[in-house]
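These notes concern the structure reproduced below.
2 protein chains.
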Amino acid sequence: MTTANSNTPELLKNVLVTGGAGYIGSHVIYTLLRTHKYKVISIDNYHNSFPAALTRVSSLALSELKESSPEPSAQDIDSTVIDVHECDLINPTAVRSIFSSYASKGGIWGVIHIAAYKAVGESSEIPLTYYANNVAATISLLQIMQEFHCTRLIYSSSATVYGVPPDIPIKEETRREGDSVYGRTKVMCELIIEDFCDSIMNDGETNPFQAISLRYFNPAGAHPSGYIGEHPRGRPENLLPLLAHMAVGTVTDPVLKVFGNDYPTADGTCVRDYLHILDLAAGHVIALQALEEGSELNAKVFAGSTSSNGKFKAYNLGKGHGMSVMQIVDAMRKATGHDYKTEVIGRRRGDVPELIADPALARAELGFDAPRDLETMCRDLWNWQVKNPTGYE
Amino acid sequence: MTTANSNTPELLKNVLVTGGAGYIGSHVIYTLLRTHKYKVISIDNYHNSFPAALTRVSSLALSELKESSPEPSAQDIDSTVIDVHECDLINPTAVRSIFSSYASKGGIWGVIHIAAYKAVGESSEIPLTYYANNVAATISLLQIMQEFHCTRLIYSSSATVYGVPPDIPIKEETRREGDSVYGRTKVMCELIIEDFCDSIMNDGETNPFQAISLRYFNPAGAHPSGYIGEHPRGRPENLLPLLAHMAVGTVTDPVLKVFGNDYPTADGTCVRDYLHILDLAAGHVIALQALEEGSELNAKVFAGSTSSNGKFKAYNLGKGHGMSVMQIVDAMRKATGHDYKTEVIGRRRGDVPELIADPALARAELGFDAPRDLETMCRDLWNWQVKNPTGYE
Numbered sequence: 001m002t003t004a005n006s007n008t009p010e011l012l013k014n015v016l017v018t019g020g021a022g023y024i025g026s027h028v029i030y031t032l033l034r035t036h037k038y039k040v041i042s043i044d045n046y047h048n049s050f051p052a053a054l055t056r057v058s059s060l061a062l063s064e065l066k067e068s069s070p071e072p073s074a075q076d077i078d079s080t081v082i083d084v085h086e087c088d089l090i091n092p093t094a095v096r097s098i099f100s101s102y103a104s105k106g107g108i109w110g111v112i113h114i115a116a117y118k119a120v121g122e123s124s125e126i127p128l129t130y131y132a133n134n135v136a137a138t139i140s141l142l143q144i145m146q147e148f149h150c151t152r153l154i155y156s157s158s159a160t161v162y163g164v165p166p167d168i169p170i171k172e173e174t175r176r177e178g179d180s181v182y183g184r185t186k187v188m189c190e191l192i193i194e195d196f197c198d199s200i201m202n203d204g205e206t207n208p209f210q211a212i213s214l215r216y217f218n219p220a221g222a223h224p225s226g227y228i229g230e231h232p233r234g235r236p237e238n239l240l241p242l243l244a245h246m247a248v249g250t251v252t253d254p255v256l257k258v259f260g261n262d263y264p265t266a267d268g269t270c271v272r273d274y275l276h277i278l279d280l281a282a283g284h285v286i287a288l289q290a291l292e293e294g295s296e297l298n299a300k301v302f303a304g305s306t307s308s309n310g311k312f313k314a315y316n317l318g319k320g321h322g323m324s325v326m327q328i329v330d331a332m333r334k335a336t337g338h339d340y341k342t343e344v345i346g347r348r349r350g351d352v353p354e355l356i357a358d359p360a361l362a363r364a365e366l367g368f369d370a371p372r373d374l375e376t377m378c379r380d381l382w383n384w385q386v387k388n389p390t391g392y393e
Numbered sequence: 394m395t396t397a398n399s400n401t402p403e404l405l406k407n408v409l410v411t412g413g414a415g416y417i418g419s420h421v422i423y424t425l426l427r428t429h430k431y432k433v434i435s436i437d438n439y440h441n442s443f444p445a446a447l448t449r450v451s452s453l454a455l456s457e458l459k460e461s462s463p464e465p466s467a468q469d470i471d472s473t474v475i476d477v478h479e480c481d482l483i484n485p486t487a488v489r490s491i492f493s494s495y496a497s498k499g500g501i502w503g504v505i506h507i508a509a510y511k512a513v514g515e516s517s518e519i520p521l522t523y524y525a526n527n528v529a530a531t532i533s534l535l536q537i538m539q540e541f542h543c544t545r546l547i548y549s550s551s552a553t554v555y556g557v558p559p560d561i562p563i564k565e566e567t568r569r570e571g572d573s574v575y576g577r578t579k580v581m582c583e584l585i586i587e588d589f590c591d592s593i594m595n596d597g598e599t600n601p602f603q604a605i606s607l608r609y610f611n612p613a614g615a616h617p618s619g620y621i622g623e624h625p626r627g628r629p630e631n632l633l634p635l636l637a638h639m640a641v642g643t644v645t646d647p648v649l650k651v652f653g654n655d656y657p658t659a660d661g662t663c664v665r666d667y668l669h670i671l672d673l674a675a676g677h678v679i680a681l682q683a684l685e686e687g688s689e690l691n692a693k694v695f696a697g698s699t700s701s702n703g704k705f706k707a708y709n710l711g712k713g714h715g716m717s718v719m720q721i722v723d724a725m726r727k728a729t730g731h732d733y734k735t736e737v738i739g740r741r742r743g744d745v746p747e748l749i750a751d752p753a754l755a756r757a758e759l760g761f762d763a764p765r766d767l768e769t770m771c772r773d774l775w776n777w778q779v780k781n782p783t784g785y786e
């Protein structure tokens, strides 16, 4: 084992983030930049995101760096600059040429694959677009990674792979069963990645490919600076952004429609496991570090790999606590001062009463924790919304 | 309803067959040509097939036509000519241009999508190639069909979608669970097709797309003329072709290795449901006819559609009778006169003891039957092998 001399810093590792400009992508990139260990390359087609997010992430990281170290090194400054590529993942030629352009710069060390279409309702209307953008694009990305001997992948999965879970809290070993087109695209991608990890190389060697699938519960909030946050194109689909938009006045609904209050939960409304976006982002950085061969973390994580040849592991990223729709409304009422009116209407097709992670595995093996509380999530969300009533536009 | 005047024949319907030159494709095309109702368009990349198969199918159909009608019409003769395209389904530009070239000729009426990689063992070695060729190619084909308003699909599925079936004989409603990479590609394609059938169009109209998935059990035999048959590239993977090659001398193994004789079956060896390739092919033609809107068959088939918006239906194509490895060896011994020696070795990973179709649904709704017996399958296979010891080469 070599120890880096503090005067000759280790080379930055090239990490490709797909969907880098999105809500999750931008916070993941911010968290990566803060480590000053990675050169971040973003691929995004800006279908549901904005290039401005990347500019802001970059200046945020640079300003924090200058605060902490008045004379940062050139390498440190370089580590705050993002290589930005506008590119569609379903275009293999474009993706291949990006991989190719880093070949002479040490290659791409690892990929964090976040890009995907994610609206459950829309997925049932345009399923082929979802299968092409989520599944076919992932197959193509994996093929290109294999061509370029890029062997480390963090995959953005979701609690949606559990469908209607048989038990709460949900353990990672729960059977996977997509309950919507979107959900099925996530299950299929996990299966494909797992099969790839499992495959035997031509030369009979073990596949060096390693993948960690992160199953997100409900990310919320924003960076406390209010520089970056969630900007859904069109009307917000999710509860927290919708409440923020109602409070700031960009959604003018007089009442919030609550879909059912007769679920078998404490107050009858649906319960979800919310975690702060920066905690979620931190999970990605830990997972990426776990792909470092020879490290203690690597050994720990893949000791229980479900893949027989290569290395595949899935982790829940959640707090392990549930919040009901009504609790969320109350928390946002406190954070915003807005007097939300609610109206209970019928249940919405496809809604599951309760989705709560069992976070034990991620805690034990990755040391992952999601300490920020609901109050912080609401405060940071509101700060972002007030500073950017129309988001990045 | 209009009745076609016998003097002015109905226009031939353009039917695209993917994987048209393969073992199943060539027999399906032969059976289509015999109806003189279709203009057949073949797409194949000849990865596991030979262009010669299509030439032979065409002359076979023409010679049979001339035997039955000494002065066939120009339209009848045209119906024996296959439009042959060498094309890879994973190349959307090439596929799109083929669809485009028929736009002025009435468009493509329906698609029989057979092309796929199919070796279970290989699929675990090169999973990404399987996912790309089987799953991504199917997504792309469906997208192109949608662009060109082509709304009728017959999909080549397989008994492999049942994995290790919980009950024998296997009903279509059995849960789907791929037990190999190959099996998972088939399950995923069925799910994707079903979701597409289920989707609501932009204009709120019902999706006019109709699909029938045919779940093959074990096709065997050849056309009795010996003109067309199965020509696996490399060493045959399946039992019957292997036995035929051993008898003809192109495989020189002194003994047949039998993988396990301690299964819970009558003689302890694995049991499969073999059906004659021409019976299987006939099933495709009936299924294609069932996609004719307004027909009695169409109404019958989709009355029990599992899709809530469009029309999706899956049928087993099998005889409903099982044959053990030892019974197959005996039948081939009779057909070939070859004195097979067998040696029982250990079970093979992934083998299921028994796979037998419940053929009741296909019989009741499609009127499908598989009358040809094992003796006929072995005789026709042997006839093909003797006339073509090295297949199409």
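If you read the sequences in order, they're chains A and B. Numbering-wise (this note's numbering), the first sequence opens with residue 1 and increments by one. Numbering-wise (this note's numbering), the second sequence opens with residue 394 and increments by one. For every residue, glycine included, the Cβ atom is placed at its ideal position computed from N, Cα and C.
Asked: Which residue marks the beginning of the beta strand (DSSP E) containing Phe652/B, and which one marks its end?; Found: 649-652
Asked: State the DSSP-derived secondary structure class of Asp437/B, mapped to helix, strand or coil.; Found: strand
Asked: Against chain B, with Cβ distances strictly below 8 Å, would Ala136/A count as a contact?; Found: yes
Asked: With a CB to CB cut of under 7 Å and the five nearest residues on each side skipped, what residues in its chain are close to Leu632/B?; Found: Val718, Ile721
Asked: For Ile43/A and Gly20/A, I'd like the C-alpha separation in whole angstroms.; Found: 6 Å
Asked: Measure from the C-beta of Thr18/A to each C-beta in chain B and report whether the shortest distance is under 8 Å.; Found: no
Asked: Using the beta-carbon of each residue, which ones in chain D are nearer than 8 Å to Val95/A?; Found: Annotation note: the requested chain D is absent from the structure, which comprises protein chains A and B.
Asked: What are the partner residues of Tyr431/B, as DSSP defines its beta bridges?; Found: Lys406/B
Asked: Is it right to say Lys727/B is buried, meaning 16 or more other beta carbons lie within 10 angstroms of its own, or is it exposed?; Found: exposed
Asked: Going along the region 113-133 of chain A in order, which residues come within less than 9 Å of chain B, judged by CB to CB distance?; Found: Ser123, Ser124, Glu125, Ile126, Pro127, Leu128, Thr129, Tyr130, Tyr131, Ala132
Asked: Using 8 Å as the threshold, is the C-beta distance between Ile483/B and Phe492/B below it?; Found: no
Asked: State the Cα-Cα distance for the pair Val386/A and Tyr46/A, rounded to the nearest angstrom.; Found: 23 Å
Asked: List, in chain order, every chain A residue whose beta-carbon is nearer than 9 Å to that of Gln539/B.; Found: Leu128
Asked: For Val181/A, return the contacting residues in chain B, with the cut-off set at a CB-CB distance below 7 Å.; Found: Asp588
Asked: Which of the three DSSP states, helix, strand or coil, is assigned to Ile670/B?; Found: helix
Asked: Answer yes or no: do Ile24/A and Ile144/A have a C-beta to C-beta separation smaller than 8 Å?; Found: no
Asked: Between which two residues does the alpha helix (DSSP H) carrying Ala640/B extend?; Found: 632-641
Asked: Closer than 8 Å is the cut-off here; do at least three beta carbon pairs connect the region 468-477 of chain B with the region 512-525 of chain B?; Found: no
Asked: Among Asp476/B, Asn709/B, Pro746/B, which residue has its Cα nearest to the Cα of Pro559/B?; Found: Pro746/B
Asked: Is there a Cβ from chain A that is less than 8 Å from the Cβ of Gln536/B?; Found: yes
Asked: If you compare alpha carbons, which of Arg184/A, Asn134/A, Val15/A is closest to Ala103/A?; Found: Val15/A
Asked: Buried or exposed: which applies to Gly283/A, given that a residue is buried once 16 or more other Cβ atoms fall within 10 Å of its Cβ?; Found: buried
Asked: Are there 16 or more other CB atoms within 10 angstroms of the CB of Pro601/B, so buried, or fewer, so exposed?; Found: exposed
Asked: Give a single yes or no on whether Cys378/A has its beta carbon closer than 7 Å to a heavy atom of the ligand GTP.; Found: Ligands are entirely absent from the displayed structure, and the ligand GTP is therefore not among its contents.
Asked: Using a beta-carbon distance cut-off of less than 9 Å, what residues from the region 31-49 of chain A approach chain B?; Found: none
Asked: Of the residues Ile422/B, Thr411/B, Leu447/B, which one's Cα is nearest the Cα of Tyr785/B?; Found: Leu447/B
Asked: Would you call Lys712/B buried or exposed, if buried means 16 or more other Cβ atoms sit within 10 Å of its Cβ?; Found: buried
Asked: When you compare the CB of Ile139/A with every CB in chain B, is at least one pair closer than 8 Å?; Found: yes
Asked: Residue range of the alpha helix (DSSP H) that Ala724/B falls in?; Found: 718-729
Asked: Buried or exposed for His542/B, going by 16 or more other Cβ atoms inside 10 Å?; Found: exposed
Asked: Exposed or buried, what is Ile605/B when buried is set at 16 or more other beta-carbons lying within 10 Å of its beta-carbon?; Found: buried
Asked: Residue ranges of each alpha helix (DSSP H) run of no fewer than 4 residues wholly in the region 512-593 of chain B, ordered along the chain?; Found: 513-518, 520-523, 530-540, 574-591
Asked: What are the boundary residues of the alpha helix (DSSP H) that Glu460/B is part of?; Found: 445-461
Asked: Helix, strand or coil: which one does DSSP assign to Lys300/A?; Found: helix
Asked: Going by the beta-carbon positions, is the gap between Val301/A and Ala290/A smaller than 8 Å?; Found: yes
Asked: Leaving out five residues on either side along the sequence, give the residues of the same chain with a beta carbon under 8 Å from the beta carbon of Pro782/B.; Found: Val641, Gly642, Thr643
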